[in-house]
Structure formats: structure tokens, C-alpha cells
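S.K.:
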Amino acid sequence: MWKNFLVAVDAVMPFVIYLALGYFAVKGGLADTGFMNRLNRFSFKLFYPLLMFKNVYGAAPESMPSLTLILVSVIGILVLIGTLWTVVPLCVKENPRRGVVIQALFRSNFLLYGIPLIVSVFGEARASVAGFMTLIVISLFNIAAVVVLESFNSEGGGFSITSLLLKLVKNPLLQGCLAGLLFFAFKIKLPSFLSVPVNALGNMATPLGMITLGGTLKFSAFGKNKRIIAGVTGLRLVLIPLIMLLIGYAFGLRGAELFLMLVIFGTPVAVASYTMAANMGGDGELAGQLVVVTTLVSLVTIFLFIFFMGQMNLLA
1373 MWKNFLVAVD AVMPFVIYLA LGYFAVKGGL ADTGFMNRLN RFSFKLFYPL LMFKNVYGAA
1433 PESMPSLTLI LVSVIGILVL IGTLWTVVPL CVKENPRRGV VIQALFRSNF LLYGIPLIVS
1493 VFGEARASVA GFMTLIVISL FNIAAVVVLE SFNSEGGGFS ITSLLLKLVK NPLLQGCLAG
1553 LLFFAFKIKL PSFLSVPVNA LGNMATPLGM ITLGGTLKFS AFGKNKRIIA GVTGLRLVLI
1613 PLIMLLIGYA FGLRGAELFL MLVIFGTPVA VASYTMAANM GGDGELAGQL VVVTTLVSLV
1673 TIFLFIFFMG QMNLLA
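In the numbering used here, the protein residues as written are 1373 to 1688.
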């Protein structure tokens, strides 16, 4: 039990520290909100594409996940998005909020939690399975996020196919994913003088994203969004992962692959969702609040899922 709790703490607490750094940097006068917003745009256009590239490019081809895991995950994400696309506009009035809520409910922080959680629970031997699933899941998350945010942005819903395709091509995160896929598919190896800075700069994306989020937090604004935040948090961290775990179990997934269903569908809202929403006409304030709250609450929910899965021998 204590070991499972430490796994959850180790996964979540770094994000809490990054948020606190940004928040107190602004409160202490070391930076201001304008600087944090500019840093956020800079990170979106430079660091996040490199992060996407290195994670896709670095996937291990010799450790393919099972076809069942791939199909259940991909179909599950697509069905979830389709359901949310229909239901969320009935519950949320404003377009910029609709896109943010839909994105928050399907787009988990699998990129940052996948490998660390798998290694913590199952050891290094199973890390490459999570690495390959990163290639599939993150590519799907990013494409879907662009479609959703463009459909429900501050300029109104709807889009033309031509306009959407153009914006997909121009999206920095998708450019990073596409470049990584090309290098991965054609087995192109980066020379060390390029791979070292690419890895280093890519690794800066998440800390900077969380620091800039912390620097732009306004806790007084949480009150007006409390119902949406509570609803999204409950669905994101409890109901959706519980349903997907049951589906995965029904399809025969066990051990590390069943645990990956939890990581794909039950980890906090992705940090990049705040960055994308703030730069693509969504409600950036709400997106940031959802990242913060789900990150904090996940300390409890991830622990409980790991604990009960362990007690039921589902992690063996």
C-alpha cells in the first residue's frame, strides 16, 4: 500500500512544484503575467514540437503492444470524442468553453505519466510498450485536439475541410509528431550534436508549460468555473477510466496492458491542452484550471486505482 502511494506521489508532485514556482515568481515580482503569456507562446512554438518529435522518434519498434490494446485504446478514444462532441454542447453554452471541456475529457497526460508509472509499477522491462503507445496515442490526441479547438473556438463553431487541413499542417505540435513519425518510419538517426539539444529542449516543454500556467493562475476565478471543474474532474479521473478498465478487462487485457488503459484514460488533463487552448481561441483560463485541479486530485485517484488493481491481482 505504501509503495503504491509513493508511486502516485512521485508522478504528481513534480507538477505541483512547477506550478508553485510560476505562481510565486509572479507574486514575488520576479516575472509578470505578460511575460508568462509570451513564454507560453514561445514554448508552444518551439519546445512542445521538439517534445512531440523526440517521444515519437524514440519509440522502441521491437516492443509492440498487443493489437487488442491498440484497437481498444484507439477506438475508445474516438468513441469518447464522438460522444463528447454530441453531449458537451448541450451542457456548456460558450463555444470556447465547449472545446476546452471536450479536450480535457479525452486528452489525458499520457505523454508524461505513461512511462514513469509503468516503470514504477512494472519495472524498466515494460517501459518500451508504453513508449510505443505514446506514438499512437499522442498523435491521435494532437490531431483530435486541433479539430476540436478549431470547431469550438472564440470565432464560432464550424470549419471547412480545407481550412482545417491547413491549420493541422501549421500546428507546431502536429509538425513535431509528423517529423517524428517520418524519422521513425524511415529509421533516420539523428547525429548526437542534434539529438542532444533536441532531447534537452524537448524536456523543457513540460516544466515551462506548468511554470507559465502557475504564473497566470487566478484563484479568484475558480469560483465561476467550479461546476464545470467538478464535473470534468469526476469524469476525467474516475468515471471514464473505470469504464475503460472494465472494457479492457472484458477484451482480455491484463497486467501492464490493462494498467496502460488506466494511464491513457485516467491521468490528469494534459499540460499541452492549456497551451493549445490559450493559443487557439479556447478559454485558456478554464483550460489551465482544469490542468491544475485534475493534477492535484489525481494524487488521490491514481493511488486508489493502483491500490485496488493491486488488491484484485490485476497488475500481475
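Glycine included, C-beta positions come from ideal geometry on N, C-alpha and C.
Just grab the DSSP bridge partners of Asn1467 for me.
M.R.: DSSP output for Asn1467 lists no bridge partner at all.
S.K.: Rounding to the nearest angstrom, what Cα-Cα distance links Phe1387 and Gly1394 in this structure?
M.R.: Phe1387 and Gly1394: Cα-Cα distance of roughly 11 Å.
S.K.: Going by beta-carbon coordinates alone, are Phe1623 and Thr1440 separated by less than 8 Å?
M.R.: In contact: Phe1623 and Thr1440 (Cβ atoms closer than 8 Å).
S.K.: Would the beta-carbon of Val1604 fall within 8 Å of that of Pro1640?
M.R.: Taking 8 Å as the Cβ cut-off, Val1604 and Pro1640 do not qualify as a contacting pair.
S.K.: Measuring CA to CA, which of Lys1598, Gly1627, Val1460 and Val1520 is closest to Gly1654?
M.R.: That would be Val1520, whose Cα lies nearest to the Cα of Gly1654.
S.K.: Considering Cα atoms alone, identify which of Glu1466, Gly1448, Met1505 and Met1424 is closest to Ala1628.
M.R.: Nearest option by C-alpha distance: Met1505.
S.K.: Using a Cβ-Cβ cut-off of 6 Å (strictly less than) and excluding sequence neighbours within five positions of Ile1474, which residues of its own chain qualify?
M.R.: Taken in chain order, the residues that qualify are Leu1456, Val1460 and Val1520.
S.K.: How many Å lie between Asn1481 and Thr1578 at the Cα?
M.R.: For Asn1481 and Thr1578, the distance between alpha carbons rounds to 11 Å.
S.K.: Between the region 1415-1423 and the region 1600-1617, do three or more beta carbon pairs fall short of 8 Å?
M.R.: The region 1415-1423 vs the region 1600-1617: no contact.
S.K.: Looking at the unbroken alpha helix (DSSP H) that takes in Val1610, where does it start and where does it end?
M.R.: Run containing Val1610: none; DSSP gives neither H nor E here.
S.K.: Run the CB neighbour count on Phe1677, radius 10 Å, all protein chains shown included, and call it buried at 16 or more, exposed below.
M.R.: Looking at its Cβ environment, which holds 16 or more other Cβ atoms inside 10 Å, Phe1677 is buried.
S.K.: Nearest CA to the CA of Ile1612: which residue from Asn1409, Arg1479 and Gly1495?
M.R.: Cα-wise, what sits closest to Ile1612 is Arg1479.
S.K.: Exposed or buried, what is Leu1550 when buried is set at 16 or more other beta-carbons lying within 10 Å of its beta-carbon?
M.R.: Counting Cβ neighbours within 10 Å, Leu1550 comes out buried, since at least 16 surround it.
S.K.: Pick helix, strand or coil for Ser1480, following the three-state DSSP scheme.
M.R.: If DSSP states are grouped into helix, strand and coil, Ser1480 belongs with the strands.
S.K.: For the candidate residues Gly1401, Val1381 and Leu1477, whose alpha-carbon lies nearest to that of Ile1600?
M.R.: Here the closest residue by C-alpha is Leu1477.
S.K.: Pair every Cβ in the region 1571-1587 with every Cβ in the region 1436-1453, then say whether three or more of these pairs are closer than 8 Å.
M.R.: They do not touch, by the three-pair rule.
S.K.: Strictly by DSSP, which residues pair up with Val1641?
M.R.: Paired residues: Ser1480.
S.K.: Could you pull the start and end residues of the alpha helix (DSSP H) that Lys1426 belongs to?
M.R.: Taken as a continuous stretch (DSSP letters only), the alpha helix (DSSP H) holding Lys1426 covers Phe1419 to Tyr1429.
S.K.: I'd like to know whether the C-beta atoms of Val1635 and Gly1581 end up nearer to each other than 8 Å.
M.R.: In this structure, Gly1581 does not lie closer than 8 Å to Val1635 by Cβ.
S.K.: Quick one: what does DSSP say Gly1552 is sitting in, helix, strand or coil?
M.R.: Helix.
S.K.: Given this structure, state the Cα-to-Cα distance separating Ser1645 from Ile1510, to the nearest angstrom.
M.R.: For Ser1645 and Ile1510, the distance between alpha carbons rounds to 12 Å.
S.K.: Take Phe1513 as the anchor and find which of Val1665, Phe1637 and Gly1495 has the nearest alpha-carbon.
M.R.: For the residues Val1665, Phe1637 and Gly1495, the minimum Cα distance to Phe1513 belongs to Phe1637.
S.K.: Grab the span of the alpha helix (DSSP H) containing Ile1583 for me, first residue to last.
M.R.: Run containing Ile1583: Ala1577 to Gly1587, per the alpha helix (DSSP H) assignment.
S.K.: Of all the options Phe1524, Met1385 and Ala1659, which has the alpha carbon lying nearest to the alpha carbon of Glu1466?
M.R.: The shortest Cα separation from Glu1466 among Phe1524, Met1385 and Ala1659 belongs to Phe1524.
S.K.: My guess is that Thr1647 and Phe1416 are in contact by the Cβ rule of under 8 Å, so how many angstroms apart are they, rounded?
M.R.: Yes, Thr1647 and Phe1416 are in contact; Cβ-Cβ is about 5 Å, under 8 Å.
S.K.: Leu1585 and Leu1418 look like a contact to me (Cβ under 8 Å); what is the Cβ gap, rounded to whole Å?
M.R.: Rounded, the Cβ-Cβ distance is 17 Å, inconsistent with contact.
S.K.: What separation, rounded to the nearest whole angstrom, lies between the Cα atoms of Ala1593 and Val1501?
M.R.: One C-alpha to the other measures close to 40 Å.
S.K.: Using a beta-carbon distance below 8 Å, is Phe1637 in contact with chain C?
M.R.: Protein chains in the displayed structure number just one, and chain C is not present.
S.K.: My understanding is that Val1570 touches Asn1543, with C-beta atoms under 8 Å, so please give their C-beta distance in whole angstroms.
M.R.: 19 Å between Cβ atoms; not a contact.
S.K.: With a threshold of 7 Å, establish whether the CB of Leu1609 neighbours any heavy atom of the ligand PLP.
M.R.: What this structure holds is no ligand at all, so the ligand PLP is not there to describe.
S.K.: Along the chain, where does the alpha helix (DSSP H) containing Met1681 start, and where does it finish?
M.R.: Gly1656 to Gln1683 is the extent of the alpha helix (DSSP H) around Met1681.
S.K.: To the nearest whole angstrom, what separates the beta carbons of Val1428 and Leu1507, a pair I think is in contact under 8 Å?
M.R.: Contact flag correct, Cβ pair sits at about 5 Å.
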